[in-house]
Amino acid sequence: MFVLIVGAGRVGSAVAKRALASGHEVSVLDEDPLSHERLEDPDGTTWEEAGGLFTVGTALEVDALVEAGVQRADVFIASTDGDNTNLTVAQIVQRRFAVDKVVCRVMDPARAAWYAEQGLDTISPTRHAIEMFERALGIEDH
Amino acid sequence: MYVIIVGAGKVGLNLARELIDKGHEVTLLEADRRRYLVVEQELSHVVQYGDATELWVLERAGVQRTDLVIAVTGDDEDNMLVCQVAKEKYECERVIARVNNPRNLQHFKLLGIQPVVSATDLILRLIEHEVPRYGLVHLLALEEERLEIIELEVQAGAPAAGLHVSDVALPEGSLVISVLRDGRGFVPTAETVVEAGDQVLLVLDAGLEDQITPVFSFLPEPAP
Chain A
160 MFVLIVGAGR VGSAVAKRAL ASGHEVSVLD EDPLSHERLE DPDGTTWEEA GGLFTVGTAL
220 EVDALVEAGV QRADVFIAST DGDNTNLTVA QIVQRRFAVD KVVCRVMDPA RAAWYAEQGL
280 DTISPTRHAI EMFERALGIE DH
Chain B
144 MYVIIVGAGK VGLNLARELI DKGHEVTLLE ADRRRYLVVE QELSHVVQYG DATELWVLER
204 AGVQRTDLVI AVTGDDEDNM LVCQVAKEKY ECERVIARVN NPRNLQHFKL LGIQPVVSAT
264 DLILRLIEHE VPRYGLVHLL ALEEERLEII ELEVQAGAPA AGLHVSDVAL PEGSLVISVL
324 RDGRGFVPTA ETVVEAGDQV LLVLDAGLED QITPVFSFLP EPAP
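Chains as they are written, first to last, in our numbering: chain A, 160 to 301; chain B, 144 to 367.
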């Protein structure tokens with residue numbers, strides 16, 4: 160599979176490395192050139208040596224998405240630190256480039272739920288944290 | 144009519160004033176605490192503090208009963224999503240969005256958000272109409288301070304093309320503050336080379352633009 164990940168923060172870079180190690184083709188797009196460091200292997204192997212692709216650019220710029228390979232992506236992951244950027248770019252990629260699987264990180268649980276109803280695959284770390292705390296307290300729903 | 148305006152910057156605040164003058168009910172939403180406090184001095188309860196991309200903030204403002212949502216923040220993603228949620232979740236029939244970066248127009252269309260207003264686009268069209276010769280855009284005019292910020296495209300063969308910023312012959316009272324190249328902007332140093340095709344932003348004393356445009360434009364010598 161060709162996986163395109165926008166946002167190489169803690170989450171994006173970790174997923175990128177795992178996906179590459181699992182034999183997928185992985186391309187990462189981030190507006191911060193320094194985020195590339197997070198993709199390096201601790202043993203010193205660079206991201207490119209490991210076979211990864213990296214593009215510096217803003218997700219809303221269609222040129223940057225195209226350069227990062229959106230047209231041949233099978234999976235698209237929006238994992239920047241901004242909910243609004245993730246929601247916007249995920250919808251653009253889904254509608255304009257018809258990528259099969261689009262997954263989008265949304266911290267705000269209310270919007271994560273609503274956009275999920277609209278057919279967007281959303282992951283809300285906040286929702287998960289709330290559920291885990293509830294479980295720790297023994298007050299979960301079921 | 145009940146109108147929710149998102150973003151209490153200059154555009155949002157002035158819109159709110161005008162609509163209130165015309166007798167409409169208005170709620171203005173502002174996510175920046177400091178800006179909110181400033182605007183609150185004038186508009187008191189009309190302005191509410193909060194990030195309108197969050198559903199509860201819109202609901203608190205009464206999005207369910209609003210006739211019109213206008214999103215005029217300086218952030219295109221915010222404007223897009225506020226309008227999308229207002230339309231699709233809260234079934235508000237009329238939305239108006241401000242487009243800050245004309246390149247994002249396509250995204251607004253793709254998400255079905257219209258009408259949109261892009262000041263940059265409007266001005267560009269006016270300029271193309273009025274002064275096709277120079278790619279000059281007035282970005283900001285501070286009337287009281289008598290300062291302006293303009294954007295110019297460096298034409299091939301222009302006197303400034305290929306020179307270091309420090310060597311460009313600019314009149315006193317003007318300064319290159321930013322260069323946009325390949326879709327990215329940066330603050331130049333004295334050693335930065337100005338290239339044809341760059342967009343340069345200059346801050347200048349009001350009235351100097353006639354001396355500045357020829358420096359970045361290619362003007363063929365008049366035939367002898």
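Virtual Cβ for every residue (Gly too), placed ideally from N, Cα, C.
It should be emphasised that the depicted structure is a prediction, and the values quoted were computed from it without experimental measurement.
Once the 5 residues before and after A/A232 are set aside, which same chain residues still bring their CB inside 6 Å of it?
As a first step, residue 232 of chain A must be located in the first sequence, where it is residue number 73. Here A/A232 has F161, L163, V258 as same chain residues with Cβ atoms under 6 Å from its own Cβ, once five neighbours each way along the sequence are excluded.
Interface partners of B/L198 on chain A, CB under 9 Å
As a first step, residue 198 of chain B is located in the second sequence; it is residue number 55 there, counting from the start. Result: D267, A269, R270, W273.
Please tell me whether B/G326 has its Cβ less than 8 Å away from any Cβ of chain A.
By 1-based counting over the second sequence, the position of residue 326 of chain B is 183. It does: the Cβ of B/G326 has a partner Cβ on chain A nearer than 8 Å.
Give the interface partners of B/K153 over in chain A, defined as CB-CB distance under 7 Å, in chain order.
On the second sequence, position 10 is the one that residue 153 of chain B refers to. Chain A residues near B/K153: none, gap ~22 Å exceeds 7 Å.
The beta strand (DSSP E) that contains A/S186, what's its start and end?
Working through the first sequence from its first residue, we reach residue 186 of chain A at position 27. Element bounds for A/S186: 184 to 189.
Is the number of C-beta pairs between the region 277 to 286 of chain A and the region 145 to 163 of chain B that are closer than 8 Å three or more?
no
Cβ-Cβ separation, B/L172 to B/A204 (assumed contact under 8 Å), whole Å:
Start at 1 with the first residue of the second sequence, and residue 204 of chain B comes out as number 61. Start at 1 with the first residue of the second sequence, and residue 172 of chain B comes out as number 29. About 6 Å separates the two Cβ atoms, so the contact holds.
In chain A, which residues lie less than 8 Å from B/K232 when you measure between Cβ atoms?
Here residue 232 of chain B corresponds to residue number 89 of the second sequence, with the count starting at 1. The answer, in chain order, is W273.
Short check: CB of B/D348 to CB of B/L285, under 8 Å?
Locating residue 348 of chain B in the second sequence gives position 205, where the first residue counts as 1. Locating residue 285 of chain B in the second sequence gives position 142, where the first residue counts as 1. The answer is no: Cβ separation not under 8 Å.
Of all the residues that make up the region 242 to 269 of chain A, which are near chain B by a beta-carbon distance shorter than 8 Å?
D242, N243, T244, L246, T247, Q250, I251, R254, R255, D267, A269
For A/E226, which three-state DSSP category applies?
By 1-based counting over the first sequence, the position of residue 226 of chain A is 67. Residue state, collapsed to three classes: helix.
Chain B within 8 Å of A/D222, Cβ atoms only
Here residue 222 of chain A is taken as the residue at index 63 of the first sequence, counted from 1. With its beta carbon less than 8 Å from one in chain B, A/D222 belongs to the interface.
B/I256: buried (16+ other C-beta within 10 angstroms of its C-beta) or exposed?
Taking the second sequence and counting its residues from 1, the one referred to as residue 256 of chain B is at position 113. Classification of B/I256: buried, given that the 10 Å Cβ count is 16 or more.
Give the C-beta separation of A/R197 and A/A178 to the nearest angstrom, bearing in mind that I take them to be a contact with Cβ-Cβ under 8 Å.
Residue numbering aside, residue 197 of chain A sits at position 38 when the first sequence is read from its first letter. Residue numbering aside, residue 178 of chain A sits at position 19 when the first sequence is read from its first letter. In fact, because the Cβ distance is near 14 Å, the residues do not count as touching under 8 Å.
Using a cut-off of 9 Å between C-beta atoms, extract the partners of A/L219 located in chain B.
Taking the first residue of the first sequence as position 1, residue 219 of chain A is located at position 60. Those are D219, E220, N244, R246, N247, H250, listed as they occur along chain B.
B/L172 CB to nearest chain A CB: under 8 Å?
Numbered from 1 along the second sequence, position 29 holds the residue referred to as residue 172 of chain B. Taking Cβ atoms only, chain A never reaches closer than 8 Å to B/L172, which makes this a no.
The alpha helix (DSSP H) that contains B/V225, what's its start and end?
As a first step, residue 225 of chain B is located in the second sequence; it is residue number 82 there, counting from the start. That run of the alpha helix (DSSP H) goes 219 to 231.
Check whether the Cβ atoms of A/A218 and A/V248 lie closer than 8 Å to each other.
On the first sequence, residue 218 of chain A is found 59 positions in, with the first residue counted as 1. On the first sequence, residue 248 of chain A is found 89 positions in, with the first residue counted as 1. Result yes, Cβ atoms of A/A218 and A/V248 sit closer than 8 Å.
Thinking just about the alpha-carbon of each residue, which of B/Q191, B/E338, B/V189, B/R160 is nearest to the one in B/P302?
As a first step, residue 302 of chain B must be located in the second sequence, where it is residue number 159. When each option's Cα is compared against that of B/P302, the closest is B/E338.
By Cβ distance, which residues of its chain are closer than 7 Å to B/V169, with the 5 residues on each side in sequence left out?
As a first step, residue 169 of chain B must be located in the second sequence, where it is residue number 26. Contacts found: V146, I148, A159, L162, I163, V189.
Length of the line joining the Cα atoms of B/P275 and B/V336
Position 132 of the second sequence, counted from the start, is the residue given in the question as residue 275 of chain B. Position 193 of the second sequence, counted from the start, is the residue given in the question as residue 336 of chain B. Unreliable positioning characterises B/P275 in this predicted model, as indicated by a pLDDT of 46, which lies under 50. The coordinate reading is nonetheless provided below. Answer to the nearest angstrom: the Cα atoms are 26 Å apart.
Hey, which unbroken runs of the alpha helix (DSSP H) at 4 residues or more fall wholly within the region 240 to 280 of chain A?
242 to 255, 268 to 276
Quick one: is B/P331 buried, meaning 16 or more other Cβ sit within 10 Å of its Cβ, or exposed?
As a working mapping, residue 331 of chain B is identified with position 188 in the second sequence. That one is buried.
When the cut-off is 8 Å and only beta carbons count, does B/L254 lie next to chain A?
As a working mapping, residue 254 of chain B is identified with position 111 in the second sequence. Interface residue, yes.
B/L201 touches chain A at which residues, Cβ-Cβ below 9 Å?
Here residue 201 of chain B is taken as the residue at index 58 of the second sequence, counted from 1. Chain A residues near B/L201: none, gap ~10 Å exceeds 9 Å.
Short Cβ contact (8 Å threshold) for A/V252 with A/V229
Indexing the first sequence from 1 puts residue 252 of chain A at position 93. Indexing the first sequence from 1 puts residue 229 of chain A at position 70. Yes, Cβ-Cβ distance for A/V252 and A/V229 is below 8 Å.
Have a look at B/E197, B/F329, B/E236 and flag the residue whose alpha-carbon is nearest the alpha-carbon of A/M266.
Numbered from 1 along the first sequence, position 107 holds the residue referred to as residue 266 of chain A. Nearest C-alpha to A/M266: B/E197.
Taking the alpha helix (DSSP H) that B/D164 belongs to, which residues open and close that run?
Counting from 1 along the second sequence, the entry for residue 164 of chain B is found at position 21. Run containing B/D164: 153 to 164, per the alpha helix (DSSP H) assignment.
Chain A within 8 Å of B/L224, Cβ atoms only
Taking the second sequence and counting its residues from 1, one reaches residue 224 of chain B at position 81. Yes, because at least one Cβ of chain A sits closer than 8 Å to the Cβ of B/L224.
Per DSSP, B/S317 forms a beta bridge with which residues?
For this step, residue 317 of chain B is matched to residue 174 along the second sequence. B/S317 is bridged to B/L347.
Grouping DSSP H, G and I as helix and E and B as strand, with all else coil, what is B/Q342?
By one-based count along the second sequence, residue 342 of chain B stands at place 199. Looking at B/Q342 - three-state DSSP - the assignment turns out to be strand.
Grouping DSSP H, G and I as helix and E and B as strand, with all else coil, what is B/E111?
Here chain B has residues from 144 to 367 only, and residue 111 of chain B is not among them.
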